[in-house]
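Here the sequence shown is numbered in the numbering used here, starting from 87 and rising by one per residue.
Yeah, the Cβ is synthetic: ideal placement off N, Cα and C, and Gly gets one too.
Only one structure is covered here, and it is reproduced in the block below.
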Amino acid sequence: MNIHLDWAGVLTGQPAEWILSGFLTTIWVTVVGIVLATVLTVLLLALRLAGGALGRRAVALWVSLFRNTPLLVQLLFWYFAAWNLLPLGFRQYVNDDHAFSILPGNVWWFTPEFLSSAWALGLFTAAFLVEEIQTGLHAVAKGQIEAAKSQGFSELALFRWVLLPQGLRNAWQPVVGQYLNLMKLSSLATGIGFAELTYQTRQIESYNAHALEAFAVGSVLYLLLGLVMSLLFNAPVWWRAARQERALAYREVQDDR
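Written out as structure tokens, the structure reads:
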């Protein structure tokens with residue numbers, strides 16, 4: 087069977103605009119989701135460490151709830167159920183057009199679809215980040231913790247200045263993996279009609295039946311975005327390692343003299 091690929095049917099005209107719009111939307115919801123997940127993770131870790139037994143139980147319940155339910159179910163819940171519980175006036179305000187809602191690339195963020203998607207992605211990812219970073223916290227030398235306590239550090243100060251920086255460094259690679267996973271999981275938001283990259287590729291399939299070309303382009307864009315994110319997140323680590331290697335080499339040269 088001969089397969090004729092018509093790339094012009096995807097990379098030109100209306101389909102190309104859809105692809106670009108979906109790609110930019112995926113980037114923005116990924117950025118917002120990462121920021122939200124990071125803030126929630128820091129708050130949950132602080133609650134677990136300084137909130138006593140009640141705080142630890144609350145975080146354990148949070149992690150168990152969001153880690154053990156499918157993300158698609160959570161997306162459907164926030165969009166179709168929880169959204170309708172909000173005050174009617176607020177929902178009407180969100181559905182109106184607002185100039186501040188337009189992000190670079192003509193991406194509208196102040197919409198039910200964008201807000202529900204970013205919220206669900208942030209909550210879901212935070213539940214995993216808490217455990218990843220907690221493992222990194224356990225790797226911090228106990229001598230440093232005891233030294234900080236002997237200096238009069240409170241639980242929150244100990245977390246802010248001693249545990250979090252070192253724990254984050256210890257768990258950085260798993261954290262980056264969760265950020266990349268958030269980007270890929272954003273494709274599930276097509277289930278609530280969110281016009282991200284997967285949604286737009288499916289729209290091209292319905293528009294001109296160029297399913298193979300559309301999904302091939304979409305896959306390449308996801309791959310490129312993942313590679314760029316990996317480079318950006320790992321650049322500080324590589325830079326620090328290179329600086330340490332240069333410092334070590336310099337000391338060796340000085341010792342030889």
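Cβ shell of residue i (< 7 Å), same chain only, five flanking positions each side left out
{"i": "Gly208", "result": "Gly119, Leu122, Ala123 and Leu126"}
{"i": "Leu215", "result": "Ala123, Thr127, Val261 and Gln264"}
CB contact flag (residue i, residue j, <8 Å)
{"i": "Glu282", "j": "Ser292", "result": "no"}
{"i": "Leu157", "j": "Leu274", "result": "yes"}
{"i": "Val115", "j": "Ile290", "result": "no"}
{"i": "Gly229", "j": "Leu254", "result": "no"}
{"i": "Leu193", "j": "Leu298", "result": "In the sequence under discussion, the amino acid at residue 193 is Val, which differs from the Leu named in the question. No, the Cβ-Cβ distance between Val193 and Leu298 is not below 8 Å."}
{"i": "Asn256", "j": "Ala225", "result": "yes"}
{"i": "Gly108", "j": "Tyr308", "result": "no"}
Residue i classed as buried or exposed, judged by whether at least 16 other C-beta atoms fall within 10 angstroms
{"i": "Val306", "result": "exposed"}
{"i": "Gly211", "result": "Checking the sequence shown, residue 211 turns out to be Thr, not Gly. Counting Cβ neighbours within 10 Å, Thr211 comes out buried, since at least 16 surround it."}
{"i": "Arg134", "result": "buried"}
{"i": "His296", "result": "buried"}
{"i": "Gly138", "result": "exposed"}
{"i": "Tyr179", "result": "exposed"}
{"i": "Ser202", "result": "buried"}
{"i": "Phe200", "result": "buried"}
{"i": "Glu218", "result": "buried"}
6 Å Cβ shell around residue i - same chain, five flanking residues per side excluded
{"i": "Ala206", "result": "Gln160, Leu161 and Trp164"}
{"i": "Ala344", "result": "Missing from the structure shown is residue 344; the chain here goes from 87 to 343 and no further."}
{"i": "His184", "result": "Phe196"}
{"i": "Leu151", "result": "none"}
CB-CB length for residue i against residue j, believed under 8 Å
{"i": "Gly304", "j": "Thr287", "result": "4 Å"}
{"i": "Ala213", "j": "Val149", "result": "5 Å"}
Same chain, Cβ closer than 8 Å to residue i, five either side skipped, listed in chain order
{"i": "Val323", "result": "Trp258"}
{"i": "Pro198", "result": "Tyr165, Trp169, Arg177, Val180 and Asn181"}
Per DSSP, cross-strand counterpart(s) of residue i
{"i": "Ile188", "result": "Trp194"}
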